[in-house]
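Peer 1: Per the numbering used here, numbering of the sequence shown is gapless, rising by one per residue and ending at 144.
Even glycine gets a Cβ: it sits at the ideal position worked out from N, Cα and C.
I have a structure here, written as structure tokens, and I will follow up with some questions on it.
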Amino acid sequence: MNQEKLLPFETSLSLVVRTYDIDFAGIVSNIVFIRWLEDLRCEILVNHLSIADQLQNGIAPLLIQTKIDYKKSITMTDKPMGTMWISKLKAFKWFVNAEIAIDGIVMATAEQTGCFIDLTTRRPVPVPAELQQKYLEYDQI
Numbered sequence: 004m005n006q007e008k009l010l011p012f013e014t015s016l017s018l019v020v021r022t023y024d025i026d027f028a029g030i031v032s033n034i035v036f037i038r039w040l041e042d043l044r045c046e047i048l049v050n051h052l053s054i055a056d057q058l059q060n061g062i063a064p065l066l067i068q069t070k071i072d073y074k075k076s077i078t079m080t081d082k083p084m085g086t087m088w089i090s091k092l093k094a095f096k097w098f099v100n101a102e103i104a105i106d107g108i109v110m111a112t113a114e115q116t117g118c119f120i121d122l123t124t125r126r127p128v129p130v131p132a133e134l135q136q137k138y139l140e141y142d143q144i
């Protein structure tokens, strides 16, 4: 992602490889990438729609789909950086994209789809207006 303009809700985190993240082949296990994506998604929400606000409104995000393309292996001594952004926002669904890179070399890309649900009914609800408004503002930057 060599772009000067930030993508909508773009968030980056230094990701830590733990000893227990390594599988028998000596590389980071695929399941660890799922955890890193969760960390990135949570960071977006921390910055744009707090858990307290979600609970007050009786809603929570729900992950529907995850797709990961593993391009290169990550090892114990690597220092990966994860970046995630909202690629599309619809009335009832959100779509995020992510890259995990080391020194600018993309090791994996991911796409996730989700929605928000009412915590009482467990049924989908519209994406919060606050997020929709912020998303629209990125087009004006």
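Would you mind reading off the limits of the beta strand (DSSP E) that contains V109?
Peer 2: Here residue 109 corresponds to residue number 106 of the sequence shown, with the count starting at 1. That run of the beta strand (DSSP E) goes 108-121.
Peer 1: What residue range does the alpha helix (DSSP H) around V19 cover?
Peer 2: Here the question's residue 19 lines up with position 16 in the sequence shown. First-last for V19: undefined, no H or E at that position.
Peer 1: Give me, in chain order, the residues of the same chain whose beta-carbon lies closer than 6 angstroms to that of M87; leave out the 5 immediate sequence neighbours on both sides.
Peer 2: For the purposes of this step, residue 87 is identified with residue 84 of the sequence shown, where counting begins at 1. Counting only Cβ-Cβ distances below 6 angstroms, and skipping sequence neighbours, we find T14, L43, V99, A101.
Peer 1: Strictly by DSSP, which residues pair up with G85?
Peer 2: Locating residue 85 in the sequence shown gives position 82, where the first residue counts as 1. Answer is L16, I103, bridged to G85.
Peer 1: Give me the DSSP bridge partner(s) of V31.
Peer 2: As a first step, residue 31 must be located in the sequence shown, where it is residue number 28. DSSP, once it has assigned bridges, lists I25 as partnering V31.
Peer 1: Measure the beta-carbon distance from D72 to A111 and round it to whole angstroms, keeping in mind my assumption that it falls under 8 angstroms.
Peer 2: Taking the first residue of the sequence shown as position 1, residue 72 is located at position 69. Taking the first residue of the sequence shown as position 1, residue 111 is located at position 108. Confirmed, about 6 angstroms.
Peer 1: For L9, tell me which candidate among I89, R126, D121, I105 has the shortest Cα-Cα distance.
Peer 2: Here residue 9 corresponds to residue number 6 of the sequence shown, with the count starting at 1. For L9, the nearest C-alpha among the options comes from I89.
Peer 1: Assuming contact is defined by CB atoms lying nearer than 9 angstroms, are L48 and P64 in contact in what I supplied?
Peer 2: Against the sequence shown, residue 48 aligns to sequence position 45. Against the sequence shown, residue 64 aligns to sequence position 61. Yes, they are a contact pair.
Peer 1: What residue does the beta strand (DSSP E) around I71 start on, and which one ends it?
Peer 2: Working through the sequence shown from its first residue, we reach residue 71 at position 68. Start and end: 62-73.
Peer 1: For A113 versus F12, is the C-beta distance shorter than 9 angstroms?
Peer 2: Within the sequence shown, the letter at position 110 stands for residue 113. Within the sequence shown, the letter at position 9 stands for residue 12. Not a contact, by the Cβ cut-off of 9 angstroms.
Peer 1: Check each candidate in L58, K70, A104, F95 and name the one with the smallest Cα separation from L16.
Peer 2: Here residue 16 corresponds to residue number 13 of the sequence shown, with the count starting at 1. Nearest option by C-alpha distance: A104.
Peer 1: If you follow the alpha helix (DSSP H) that K93 is part of, which residue opens it and which one closes it?
Peer 2: Here residue 93 refers to the residue found at position 90 of the sequence shown. Segment: none, K93 is in no alpha helix (DSSP H) and carries neither H nor E.
Peer 1: Go ahead and label G85 buried or exposed: buried means 16 or more other beta carbons lie within 10 angstroms of its beta carbon, across all protein chains shown.
Peer 2: Here the question's residue 85 lines up with position 82 in the sequence shown. Looking at its Cβ environment, which holds 16 or more other Cβ atoms inside 10 Å, G85 is buried.
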